[in-house]
Structure formats: C-alpha cells, structure tokens
Amino acid sequence: MSAASGGQRRSARMVNLPVEHVIEYRDNDQIYHGFDNGRIYQVDRRTGLILGLLDLPN
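Using our numbering, read the sequence shown as starting at 6 and increasing by one per residue.
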C-alpha cells in the first residue's frame with residue numbers, strides 16, 4: 006500500500022470492503038479498511054487518517 010499524501014481523513018462515501026477482499030485485508034485494533042471508488046483504504050482507528058490505499062484492478 007502506498008502512503009496517502011497530506012494525512013487526509015476518510016471519506017464519508019467509504020463503505021465496507023467487498024466480500025472477496027475481507028480475508029486479505031483484515032481490520033485490527035489499530036487500523037480498519039474501507040472501500041470507495043475502486044480503492045481499498047487503510048484508516049487509523051484513533052485519528053481517522055488514511056494511512057494507505059490500494060487501487061484494485063478493474
């Protein structure tokens with residue numbers, strides 16, 4: 006995953022991961038994963054800042 010620039014906060018449009026990606030991208034006490042516009046976002050639970058993102062193939 007690449008680091009998001011500027012410490013952006015998560016989007017209100019972000020939804021749960023598609024089922025086919027839940028096992029590969031597991032949430033834990035520090036981070037959770039969200040999905041928006043073909044990308045998986047890694048988000049810091051404490052701050053809500055985006056730590057990384059991954060573009061999924063179409």
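Backbone N, C-alpha and C define an ideal beta-carbon position, used for all residues, glycine too.
As the structure is a prediction and not an experimental result, all values here were calculated from the model.
> Which residues does DSSP pair with V48 in a beta bridge?
Replying inline: Here residue 48 refers to the residue found at position 43 of the sequence shown. Per DSSP, Y37 and I55.
> Which one or two residues does DSSP pair with D60 in a beta bridge?
Replying inline: Taking the sequence shown and counting its residues from 1, the one referred to as residue 60 is at position 55. In the DSSP output, where bridge partners are listed per residue, D60 has R44.
> Whole-angstrom Cβ separation of H26 and I45, contact assumed at under 8 Å?
Replying inline: Translated into positions along the sequence shown, residue 26 becomes position 21. Translated into positions along the sequence shown, residue 45 becomes position 40. At roughly 6 Å, the Cβ-Cβ gap stays under 8 Å, so H26 and I45 are in contact.
> Alpha carbon to alpha carbon, what distance is there between V48 and L59?
Replying inline: The count along the sequence shown starts at 1 and reaches residue 59 at position 54. The count along the sequence shown starts at 1 and reaches residue 48 at position 43. Taking the straight line from one Cα to the other gives about 12 Å.
> Just the Cα atoms here: how many angstroms apart are R51 and Y37?
Replying inline: What you label residue 51 is simply residue 46 of the sequence shown in a count that begins at 1. What you label residue 37 is simply residue 32 of the sequence shown in a count that begins at 1. In a straight line, the C-alpha of R51 is about 10 Å away from that of Y37.
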